[in-house]
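Remarks on the structure that follows.
2 protein chains.
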Amino acid sequence: MNRFRSNRIKVSLSLLVLLLWLLLPAVADEGMWPYNLVPKDYLAKKYNFKVTDEWLDHLRLASVRFGGASASFVSPDGLVLTNHHVGRGAIQNLSTAERDLIKNGFYARTRDQELKCPGVELWVLEGIEDVTDKVLSAEKPGMSPQEVLAARQKIISDIQKEATEKTGLRCQVVTLYSGGKYNLYKYKTYNDVRLVFAVEEEIAFFGGDPDNFTYPRYDLDISIFRVYENGQPLKTPNYLKWATSPLKEGELVFCSGNPGSTGRLLTYDQLLFLRDVSYPFTIANLKRRQALLHEYANRGPEQERISLNTIFGIENSLKATIGYQSGLLDKELMAKKLAEEQKIRQEIASRPELSKEYGQAWEEIAQAQKEYASFFKEYQFIERGNAFNTVYFNLARALVRMATERDRQNPEMVAARRMFGSTGPIYDDFEIYKLADSLKQLKEELPDLQETKWLLGCKSPEEVAKELVTGTKLKDPEFRKKLMEGGSEAIYQCQDPMIKLALMVEPLARGLRERYEKRVQAVEVKNGTLIAKALFQLKGTSIPPDATGTLRLSFGVVKGYMENGKKIPFETTFAGLYEKAKKHNYQPPYSLPKIWLEKKSALNLNTPLNFVATIDSIGGNSGSPVVNRKGEFVGALFDGNIQSLPTRFVYEEKLSRSVMVDGQALIEALIKIYDAKPLADELLGKK
Amino acid sequence: MNRFRSNRIKVSLSLLVLLLWLLLPAVADEGMWPYNLVPKDYLAKKYNFKVTDEWLDHLRLASVRFGGASASFVSPDGLVLTNHHVGRGAIQNLSTAERDLIKNGFYARTRDQELKCPGVELWVLEGIEDVTDKVLSAEKPGMSPQEVLAARQKIISDIQKEATEKTGLRCQVVTLYSGGKYNLYKYKTYNDVRLVFAVEEEIAFFGGDPDNFTYPRYDLDISIFRVYENGQPLKTPNYLKWATSPLKEGELVFCSGNPGSTGRLLTYDQLLFLRDVSYPFTIANLKRRQALLHEYANRGPEQERISLNTIFGIENSLKATIGYQSGLLDKELMAKKLAEEQKIRQEIASRPELSKEYGQAWEEIAQAQKEYASFFKEYQFIERGNAFNTVYFNLARALVRMATERDRQNPEMVAARRMFGSTGPIYDDFEIYKLADSLKQLKEELPDLQETKWLLGCKSPEEVAKELVTGTKLKDPEFRKKLMEGGSEAIYQCQDPMIKLALMVEPLARGLRERYEKRVQAVEVKNGTLIAKALFQLKGTSIPPDATGTLRLSFGVVKGYMENGKKIPFETTFAGLYEKAKKHNYQPPYSLPKIWLEKKSALNLNTPLNFVATIDSIGGNSGSPVVNRKGEFVGALFDGNIQSLPTRFVYEEKLSRSVMVDGQALIEALIKIYDAKPLADELLGKK
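As structure tokens, this is what we get:
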């Protein structure tokens, strides 16, 4: 791997141009906005839309966090709608070789047929509190960056603990603007989640990997669950009503979900690190795993069934990462990023009082990138677990850390602890297969590590993987529970081979983590905070913060676009779906479920299936409800087009689009294809 | 190894006898008394000797802790006298193949010839404070034994830290009566310690291992150091004047030193544990090492020189442990211990208010012994380091623990940290030899441990030992210093093979330690405290606490004894030394240094060489000054006779004796043999 190199392009701009730019107001629909920072003035001015607190509160409380992605309440009886690919893991966990819900879909005709999903927990954001002053007050003069970070983490942990105890909600402090702001998010959580409806994989993911991140699209990427409380369906006023009128091009729409992460406020050197170190590693690694798992899936239908969810995840990540990287490899985009940064830095350099405070921030971050590059590989393999690609190792490491880390009360730990009672099925053959290859990779990439020698010094990766997987008892929830309750004494004395492995690599993993925290993260947070402060001084808080996997509101207009001189219309229809299937001779990934062929004639083929809008979104937004001005459900975001991927780093609205399933398509399919009028009626409020 | 079995002998005593016994005052010279618990009334009554505070303070401040043993100031210019075998490690560290100070002895004729001893630190007890109430107040209702122990340890750590900060002294809380009392000991420490005088090994350890723990004896077991402060000899009023009149049989003498540990207040089940589990393991282990090291020493004179100090330590421990075990194997002694315990337990059982509070204590301790027996072997091999018999592992583990343990401020850690700058010479060949055998033992005894497999799965113990020792850089003080300063990040990422080993076994070691602390130690402390409270209620505080390696005062009379119908006189002379040497044809271990043969005629052969007294002592008392009523130095304790060893568990004064070097012998030898009149004059105060 090439070490990170900084190739600065010298850009010089006149002060006039600079000041002009600095004084410009936001002119684009950019931004995945925290609910407490929504740009109401902008919306009023540009769209003549008055955002009221009631409107915002209702949409927020109807928005649901589903795993790392998004969903929404769509009925007063606790129905939760999300993408099929968001619910996929839960659906797969309910499947067996005999009952393949992924392939065949599912519909619970009665409530007692709804299937409880082990390990699924949904979060609803009950409130946001600004705790910036409290967190920043942790910093005392003379502290090193690491001490500042530790002090902030300590106070954050205290704030979370106190708030959790006080409210009974799950409380997390969210870091915005690299530490420029800290907000406390309070979540109500739901653990009894049952599967109500899932389409067949073929219609959810029509076009498969080739069509993923493209448009036009024809996917009914929908699954529906129901939240129960005390054994009864949740009664809630906070649900989205179904839109009654069809969408029009140019219409303003809103999207409420949990975008995972963006890097628009990253410095130029951080982008170079991603381009030259991080993404090349990730892409090569995902490609290796993609090839490996396809080989596994080809062994037989059962292997295919078992591995398909993982393959889907890998291919999705791979395509996304390649898309992000395409932005960083785009010279124009990078020149634009550099120019923007240079503008800010020149403005700061020209004002001594700012220069003294903020002048060094970019250079210090650049140094941290070099440091990170120097141990990136070890960090990925050991601390990020790349060398131990099995769910058993994840369980083992989580148990080890729960038992041995000082702060066992942080929300991740609490969540992990709860999960240990229930995981989906684990297939040992598959686990051995994955682990063996990652161990092989370890041996290839880091042969001189003592850990590698102990583990693989006299046995092949295959032998070791087999011994570890067949030897561990971690599949047994009772065993996990006992270990968890036994604390460090039990963990430290445990003879389970996977626990032993996790313990053996833990010191090195912790060393790498400490190095990362001290020499990279702490430097980035310290200087990121400074840069954010500088930006606030120069531009106010009109800059949207980067995504952080937390609830955000974004908006845009329903709108087609031009691609290679061709007009791409804003929406597709069922008719287009059948045409595309036919064009590909109904061969995978363009095959259709049998029932869709049989019942085609019943469908209104003009029903809109997917549509696009200029909504600013990114991975994590999957499943997000999209609503109209009235706050009515018009569709569920499930993808972005390929042009949207570089918006991870720079917002763009000419070509970049979010892709949604149109709510009308779901209703039409429920009634005409799935014989599920009761469910359609519940969604339409006709019960 | 046999699991611990409790074989109770039923003893029944009438309540009358019991009460009689309980009301009896102390009638023997038993006790190694903390300086704040000295039985002044007893001494006044039995010996008509009034112990004044001045007398006690002077003796205390002249007493010195030297490593794990004892010494005393014997001149106003900082001379410190101890045994040769106590100073042996320091003397050996100053030796090389070319300059063998162990074999040839040493005398610094001028101050600038005095040799600085790396790593030697002497402690003087400046004060004692009772903190029992403070420590016991840590216990809150409803706490488990482990929580009580942890709470006490926390408060102890706080007390120590606070006292250290306040006084600048090294402060340690000492647990007396298994937790019945807690005293804070405050030490002044001296780090600049230089070798002034050492006799030759042959005269220090005349009779060698065969004569060790026997009497009559003929050893001039003496070495003399000088404490410096700010580069100048320490000026101190707190030194012992040399006695001017010779000792008489029947004379009362006192001994001030640091007895290591006794087990007189152990319950009967704790004694059974020692007898059936702990001692058999220790004895077998020491024997294995004894044989191993003799084989090494036989390889050549340099190997002999290198290994002799270790051999001495092993043989000394072996003989002592066998002696202790002989007491436990003595049915009469054990029956006496059981009878005493039954008396107390019956008395408590007969009084409901006591029974409720204390009745369960013995049984809970018995259960803890069973638990301990179940993991004793793993505990010894892994946590006590038996499997890794090399100084490098000790260094590595200490570095690992310093970097990773929460409470890095405890005095042991502070001391360890200081030591890391300077250790004596390390001989890799010797380290490989020892380590290889202990790894072999690990493989024999615990082959199924994952740690054993990783370490020894595909290599022989010899190969692994060689790789570890030749691969480690821990010999280099700079390397150690850098690691120490680098904290956990440096340790966790360190690739040194010995550090890696220490890290790899650390989780298991900590698990075993937690198990020990929770299931054995905490139970023993909880119930030991209860038993102590019960004893205080029944007998007051006239019971001496067990030895704890801290400064104690004991006393007795100079007195011979009968052995196999033969009278053993209280003292020996130089004449006896020469006779015994001749009788053994001057063959080792009865050979004499050449100069002792050459200068024999110059000596007054009637000078007393060694003497015995009924002083209560145990290992750790080596080097203790013995003084007369006037507080004058009359000799230095260096041994006990073989009959004294079982007094670890039951005091006895008919046959048990402490063995001393007579101060007169040293003066005579200094002047007549060593041409060291200036040193003799300094001791005699004739400067």
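As they're listed, the protein sequences go chains A and B.
Under my numbering, the residues of the first sequence are numbered -7 to 679, in order.
Under my numbering, the residues of the second sequence are numbered -7 to 679, in order.
Note that CB positions come from ideal geometry on N, CA and C, so glycine has one too.
None of these values were measured; they are calculated from a predicted model.
| query | result |
| --- | --- |
| Out of B:T521, B:A130, B:S67 and B:L266, state which residue places its alpha-carbon closest to the alpha-carbon of L53 of chain B. | B:S67 |
| For M652 of chain B, decide whether its Cβ has a neighbour in chain A, counting only Cβ atoms nearer than 9 Å. | no |
| Within the continuous alpha helix (DSSP H) that includes G249 of chain B, where are the two ends? | From DSSP, G249 of chain B is part of no alpha helix (DSSP H) but of the beta strand (DSSP E) over L244 to G249. |
| For G503 of chain B, tell me which candidate among B:F422, B:E459 and B:Q372 has the shortest Cα-Cα distance. | B:Q372 |
| To the nearest angstrom, how far is it from the Cα of Y643 of chain B to the Cα of N222 of chain B? | 44 Å |
| Determine whether the Cβ of Y179 of chain B lies closer than 9 Å to any Cβ atom of chain A. | no |
| By Cβ distance, which residues of its chain are closer than 6 Å to I560 of chain A, with the 5 residues on each side in sequence left out? | G552 and Y553 |
| Using CA atoms only, rank isn't needed, just tell me which of B:K575, B:T542 and B:E563 is closest to K251 of chain B. | According to the sequence as given, residue 251 of chain B is Pro; it is not Lys. Of the listed residues, the one whose Cα sits closest to P251 of chain B is B:T542. |
| What are the residues of the stretch 494 to 510 of chain B that lie near chain A, defined by any Cβ-Cβ distance shorter than 7 Å? | L495, M496, P499, L500, R502, G503, L504, E506, R507 and K510 |
| Quick check on P17 of chain B: does DSSP put it in helix, strand or coil? | Low confidence applies here, because P17 of chain B scores a pLDDT of 43, under 50, leaving its location unreliable; read the following figure in that light. Three-state result, P17 of chain B: coil. |
| What residue range is occupied by the uninterrupted alpha helix (DSSP H) comprising W115 of chain B? | It is not in any alpha helix (DSSP H) - W115 of chain B instead sits in the beta strand (DSSP E) that spans L114 to D122. |
| Which term fits A341 of chain B, buried or exposed, when burial requires 16 or more other beta carbons within 10 angstroms of its beta carbon? | exposed |
| Beta-carbon separation of I83 of chain A and L73 of chain A under 9 Å? | no |
| N602 of chain B and D211 of chain B: beta carbons closer than 9 Å? | yes |
| To the nearest angstrom, report how far apart E332 of chain B and S648 of chain B are at their CA atoms. | 21 Å |
| Between R281 of chain A and E106 of chain A, is the Cβ-Cβ spacing less than 9 Å? | no |
| Take V456 of chain A and list the residues in its own chain whose beta-carbon comes closer than 7 Å to its own, dropping the five residues that flank it on each side. | L431, L447 and L448 |
| Using the Cα positions of E423 of chain A and A283 of chain A, report the straight-line distance between them to the nearest angstrom. | 16 Å |
| Within the 9 Å Cβ cut-off, does K492 of chain B reach chain A? | yes |
| List the endpoints of the continuous beta strand (DSSP E) containing F625 of chain B. | F625 to G632 |
| Can you check whether the C-beta of S347 of chain B is within less than 9 Å of a C-beta belonging to chain A? | no |
| First and last residue of the alpha helix (DSSP H) that includes G463 of chain B? | P453 to G463 |
| Which whole-angstrom value is the C-beta distance of L117 of chain A and S62 of chain A, which I expect to be below 8 Å? | With a Cβ gap of about 11 Å, L117 of chain A and S62 of chain A do not count as contacting. |
| From this set, B:F630, B:T44, B:L51 and B:D21, which residue's C-alpha is nearest V619 of chain B's C-alpha? | B:L51 |
| Roughly how many angstroms lie between the CA atoms of F630 of chain A and I483 of chain B, to the nearest whole one? | 46 Å |
| Please tell me whether Y364 of chain B has its Cβ less than 9 Å away from any Cβ of chain A. | no |
| Please name the residues in the stretch 374 to 397 of chain B whose beta-carbon is closer than 7 Å to at least one beta-carbon of chain A, in chain order. | none |
| Using alpha carbons as the reference points, say which of B:L29, B:K369, B:K95 and B:I336 lies closest to K531 of chain B. | B:I336 |
| Taking the runs of the alpha helix (DSSP H) that are 4 residues or longer, which of them lie wholly in the stretch 28 to 78 of chain A? | 32 to 39 and 45 to 54 |
| Name, please, each residue of chain B whose Cβ falls closer than 9 Å to the Cβ of Y484 of chain A. | E498, P499, L500, A501, R502, G503, L504, R505, E506 and R507 |
| Give the DSSP-derived three-state secondary structure of G548 of chain B in the structure shown. | strand |
| Leaving out five residues on either side along the sequence, give the residues of the same chain with a beta carbon under 7 Å from the beta carbon of K518 of chain A. | P137 and V140 |
| Counting pairs of beta carbons, one from the stretch 142 to 152 of chain A and one from the stretch 188 to 197 of chain A, are three or more of them closer than 8 Å? | no |
| Give the DSSP-derived three-state secondary structure of Y316 of chain B in the structure shown. | helix |
| Taking 8 Å as the cut-off, does the stretch 196 to 209 of chain B touch the stretch 571 to 589 of chain B (at least 3 CB pairs, one atom from each stretch)? | yes |
| Taking Cβ positions only, does E154 of chain A come closer than 9 Å to chain B? | no |
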